[in-house]
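The listed protein sequences correspond, in order, to chains A and B. In this text, residue positions in the first sequence follow the numbering used here: the first is 1, and each later residue adds one. In this text, residue positions in the second sequence follow the numbering used here: the first is 1, and each later residue adds one. Even glycine gets a Cβ: it sits at the ideal position worked out from N, Cα and C.
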Amino acid sequence: MIAALTAVVALAPAPTPLHETIDRLVAAGHAGPFAPPAADAEFLRRATLDLAGTLPSVAEARGFPADPSPAKRQTLIDRLLAGPGYARRMTHVFDVTLMERRPDGKVARAAWEDYLRAAFAANKPYDQLVREILAGDGADPATRAAAKFYLDREMDPTLVVRDVSRVFLGKNLQCAQCHDHPQIDDYKQADFYGLLAFVNRSFLFPDAKAATAVVAEKADGDVTFVSVFDPKKVTKATGPKLPGGKAVDEPKMDKGKEYKVAPAKDVRPVPAYSRRAELAKRITAPDNPAFARTAANRVWAALMGRGLVHPLDLDHSDNPPSHPELLDLLAAEFVAHGYDVKYLVREIALSQTYQRSSEPPAGADVPADRFAVAALKPLSAEQLGYALVQATGTADVDRAAAAEATVAARLAGLGAAVRPVVPGDPAEAAVEARLAARVAPFRSAYGGRAGTPDDGTAPTLDQTLFVKHGGTVRGLVAHRAAAKPTDPGATADELFLAALTRLPTADERADAAAALAGPDKAAAVGEVLWALVASAEFRFNH
Amino acid sequence: MRDCPYACGTVAHRVSRRKFLGTAAALGAGGFANAAATTSLAKAQKRVLVVFLHGAVSQLESWDPKPGTATGGPFRAIPTSVPGVHVSELLPETAKRMHRLALVRGLNTAEDDHGKGSELMMTGRKPEPGTEFPHLGAVAAKLLGGGDSALPGHIQIWPHGGGGFGAKDATFLGPKYASVALGDGKPPPDLVRPDGLTADADRRREDLRKKLNERFAKSRRSAATEAYTESFDRAERVVRNAEVFDVSKEPPALADRYGRHDFGRHLLVARRLLEAGVSFVRVNHSNYDTHHENFDFHIEQLGEFDRPFATLLDDLADRGMLESTLVVVMSEFGRTPNINHLYGRDHWSKAWSVALGGCGIQPGAVVGKTTKDGTAVADREVNAGHLFHTVLTAVGLDSRGRFHPDERPIPIADPKAGPIAEVLA
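Right, dumping it as structure tokens:
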């Protein structure tokens with residue numbers, strides 16, 4: 001595999017765009033049939049949810065299918081990637097990837113989201129982002145948020161090792177903590193402890209309870225381990241080492257020079273040589289192929305509904321990728337393009353593979369790992385919240401209210417009518433703040449358990465009651481119901497476009513119009529809109 | 001609500017001292033008039049009810065009295081319906097039903113903190129790094145299944161509060177088995193159709209939703225979309241079952257026997273839930289954390305507990321439910337034999353008692369013994385792990401089995417312990 005990877009990297013820039021090669025390799029992996037391309041409306045909805053985390057407006061839902069331009073899908077993708085929704089969506093995706101729905105600990109969600117959003121808005125190279133996260137100690141208030149990965153895991157070495165291996169290396173080494181993995185030959189106990197040696201000297205200072213705790217590190221402390229399966233109980237030792245990598249050749253520190261800041265009472269020790277910083281460097285280094293491979297697989301899964309390696313954290317030789325050559329290529333191109341996440345997202349979104357219909361060809365039973373039919377993806381908690389806010393017209397209500405508040409603030413500003421437009425337009429930030437508050441209850445209802453995010457495939461009673469009777473959904477639906485109704489047929493069209501990004505069928509239009517023809521127009525709009533947002537078609541990105 | 005005067009400041013104590021309510025009409029010695037209304041409960045389905053005496057009941061004022069000793073306190077021990085077995089005179093009605101119960105008098109759980117003690121008793125294990133063990137209720141709900149019941153399998157009734165979903169007590173078993181909390185025995189939030197949504201409007205919008213789903217399912221379906229669509233049918237069944245929470249459906253005479261006060265009502269709700277197929281219910285009775293005035297407070301608390309609990313045992317027996325329903329009375333630990341200078345008893349986990357009855361339990365059994373002054377276990381010492389095994393075994397489950405979250409084998413109960421054979425039928 002290493003040889004193949006090196007060969008690809010060594011090639012000159014690919015003569016064909018990556019998205020065409022994706023399609024060629026997926027085509028090579030399946031004899032057919034493949035689903036035809038998705039209809040324009042379906043594509044518009046899918047791309048807007050995947051790349052901007054929300055639904056298209058009614059105007060977009062009307063305009064896009066009618067647009068005669070042959071390049072309109074590419075234009076849409078580029079517009080979405082350039083818009084503010086992209087950074088927000090990526091923030092939500094990587095928040096869940098990195099923090100897995102843990103409740104806030106030492107770093108508040110707002111600061112963490114600001115950090116991620118700025119990174120994705122600037123399209124910060126992914127290796128740089130991860131280096132900041134894994135080298136962070138949280139001591140500098142300006143960059144503290146980056147250390148959330150460690151701080152909110154209380155710098156618990158075994159938890160950090162498990163999650164570093166899963167999130168960045170695609171390997172769940174948890175079962176290799178006490179012995180070599182009983183089912184997976186590739187996962188060795190030495191791998192777990194090799195990683196542990198990078199972080200076992202680190203701890204929270206002054207203590208794990210302090211809300212303002214920072215990561216500290218000692219200059220000593222070595223790792224030994226015994227397999228519980230070993231009848232002789234042989235104790236082994238290991239220095240820091242990545243799974244499958246070489247032992248780190250560590251600098252020898254002269255006695256008395258081990259620390260930049262020596263340990264003392266109430267003093268945070270800082271070693272001259274930091275193993276944790278070494279981890280950040282080694283994980284993201286080009287000679288650690290698991291890093292780019294795992295990142296590429298995770299980006300693919302975010303868009304395609306499942307990984308090429310699946311589950312995402314069980315990459316090993318007995319669980320090979322569905323399309324090995326494709327995964328190698330994605331990883332190599334990701335590295336060749338400077339760990340450019342947006343490039344990878346764009347190329348995948350441009351592929352025919354991504355743009356296929358989710359309707360299976362008649363009579364065909366196609367395995368999901370062939371990517372011959374688009375997956376039905378449950379909306380994430382954040383997608384669901386933003387989609388409801390958009391479909392109910394609440395986003396418009398919030399935009400109007402934020403604009404009004406901004407005007408009022410300017411008027412109150414005594415002559416400061418024209419304020420400098422700072423990066424991150426305050427009006428847009430005010431809208432964002434209102435929308436983010438709307439989404440919080442969805443995160444509570446649909447987030448899942450700390451460390452085990454809900455994947456949306458097994459609905460719970462409280463989630464269903466949240467939609468059926470809950471005040472949050474009722475309040476959102478009321479915004480659209482309060483809008484002035486037009487004639488029943490036109491209102492039906494409007495509601496379908498807002499919620500499902502399509503016009504109703506003749507039957508649906510007749511049903512909805514009949515419901516809307518009743519005496520209480522506002523109540524009828526609420527009923528029809530609720531039925532739309534409670535439908536499976538709304539709940540899934542299809 | 002005012003803080004209880006004997007509070008030591010932890011969450012377990014943040015409970016008001018409830019008003020003392022008048023006692024209910026005297027219980028008849030025999031069965032109930034409505035015994036014929038026995039349900040067509042699936043005989044095979046087993047259930048568990050835990051009555052948790054919050055704050056920790058005194059074993060000396062309940063199951064293991066030591067009258068006439070320096071630590072015994074002022075109360076007498078009275079004979080029970082089981083010859084030779086005595087309990088505190090604070091439990092006169094329960095004493096008459098001792099033939100339905102078994103006592104474990106030799107618990108040594110070695111954990112004197114309310115939070116940790118509660119966790120220990122509910123998980124049957126000391127915490128281990130890297131593993132969060134699911135609570136008994138989640139384990140029971142998962143392993144017992146719920147039959148055809150659409151109701152959640154794991155329900156807790158709290159003395160007050162709003163109730164709700166999202167408890168973390170199922171850990172790796174998943175949110176389906178996490179407890180649903182009923183504050184004051186009221187239905188969970190959002191279960192009842194809100195004001196402003198008429199039954200007609202609800203039906204209309206549901207009809208539209210179903211039509212939309214039918215159309216979508218013609219072209220696209222997956223296990224996940226099916227599960228989503230099905231979840232609305234399931235929720236609808238729970239909503240239609242909402243009257244299971246409504247004790248006004250019970251005959252007034254029976255409600256009188258349970259007692260017209262919160263705890264009586266909570267036990268009656270619990271029985272209705274169990275009858276409707278809920279696998280595990282825990283009723284919390286507060287508050288027994290009597291660092292001050294232990295004896296007065298136990299007169300009051302157990303005075304409220306005794307009659308409703310005795311009624312519950314009779315009611316379950318009359319309905320033919322007792323043989324399939326395990327009832328457990330427990331706390332986070334016991335109380336110190338030593339009486340402090342405020343006439344209180346403090347936390348004591350070294351020697352205390354738990355009562356069990358019903359499904360799988362040997363009626364009248366008494367296992368374990370404490371020393372004369374009650375400070376230590378003298379015979380047949382057991383811990384929380386043994387009790388956890390015993391509960392699961394009593395309802396026909398294999399407590400030696402394993403769960404496999406993430407392909408990692410985790411014993412269902414502490415492998416270092418086993419069931420207490422002497423209390424099992």
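Proximity test, Cβ basis, 8 Å: residue i and chain B
i        : result
Lys188/A : no
Ala481/A : no
Ala458/A : yes
Leu81/A  : no
Leu532/A : yes
Ala527/A : Before going further, note that residue 527/A is Glu rather than Ala in the sequence given. For Glu527/A, the answer is yes, since a Cβ of chain B falls inside 8 Å of its Cβ.
Asp207/A : no
Lys468/A : yes
Asp104/A : no
Leu497/A : no
Pro378/A : yes
Tyr358/A : Checking the displayed sequence, the identity of residue 358/A turns out to be Ser instead of Tyr. By this cut-off, Ser358/A is an interface position.
Distance between beta carbons of residue j and residue i, contact taken as under 8 Å
i        : j        : result
Arg105/B : Val367/B : 7 Å
Ser331/B : Thr109/B : That pair is no contact at about 10 Å.
His154/B : Asp184/B : Not confirmed; about 18 Å, so no contact.
Val309/A : Asn319/A : 7 Å
For residue i, three-class secondary structure by DSSP
i        : result
Thr472/A : helix
Ala181/B : strand
Asp195/B : coil
Gln183/A : coil
Cys8/B   : Model confidence at Cys8/B stands at a pLDDT of 43, short of 50, so the residue's coordinates are unreliable; what they give is reported in the following sentence. Here Cys8/B sits in coil by DSSP.
Leu134/A : helix
Tyr150/A : helix
Arg509/A : helix
Trp158/B : strand
Asn383/B : coil
His86/B  : strand
Beta-carbon proximity list for residue i, same chain, < 8 Å, skipping 5 on both sides
i        : result
Ala199/B : Arg193
Thr486/A : Glu494
Residue i at chain A interface by Cβ criterion, 8 Å
i        : result
Phe280/B : no
Lys126/B : no
Ser222/B : yes
Pro152/B : yes
Arg237/B : no
Ser231/B : yes
Pro194/B : yes
Asp414/B : no
Ser179/B : no
Pro175/B : yes
Asn241/B : no
Glu119/B : no
Contact set for residue i: own chain, Cβ-Cβ below 7 Å, skip 5 residues either direction
i        : result
Ala413/B : Gly124, Gly385, Phe388, His389, Leu392 and Ser399
Ala176/A : Tyr187, Lys188, Gln189, Asp191 and Phe192
Gly221/A : Asn200 and Arg201
Gly357/B : Arg100, Leu101, Ala102, Leu313 and Val327
Proximity test, residue i beta-carbon vs the ligand SAM heavy atom, cut-off 7 Å
i        : result
His347/B : Ligands are entirely absent from the displayed structure, and the ligand SAM is therefore not among its contents.
Residue i, enclosing beta strand (DSSP E) - first and last residue
i        : result
Leu151/B : Element bounds for Leu151/B: n/a, residue is neither H nor E.
Asn297/A : No beta strand (DSSP E) holds Asn297/A; the alpha helix (DSSP H) holding it covers Pro289 to Met304.
Leu49/B  : Arg47 to Leu53
Ala216/A : Val214 to Glu217
Lys236/A : Lys236 to Thr238
Host alpha helix (DSSP H) of residue i (start-end)
i        : result
Leu302/B : Asn294 to Asp318
Trp432/B : Nothing about residue 432/B can be reported from this structure: the residues present for chain B run from 1 to 425 only.
Pro426/A : Pro426 to Tyr446
His19/A  : Leu18 to Ala28
Thr97/A  : Pro84 to Met99
Ile348/A : Val341 to Leu350
Close-in-space but distant-in-sequence residues of the same chain around residue i (CB under 6 Å, 5 per side omitted)
i        : result
Arg443/A : Ala381
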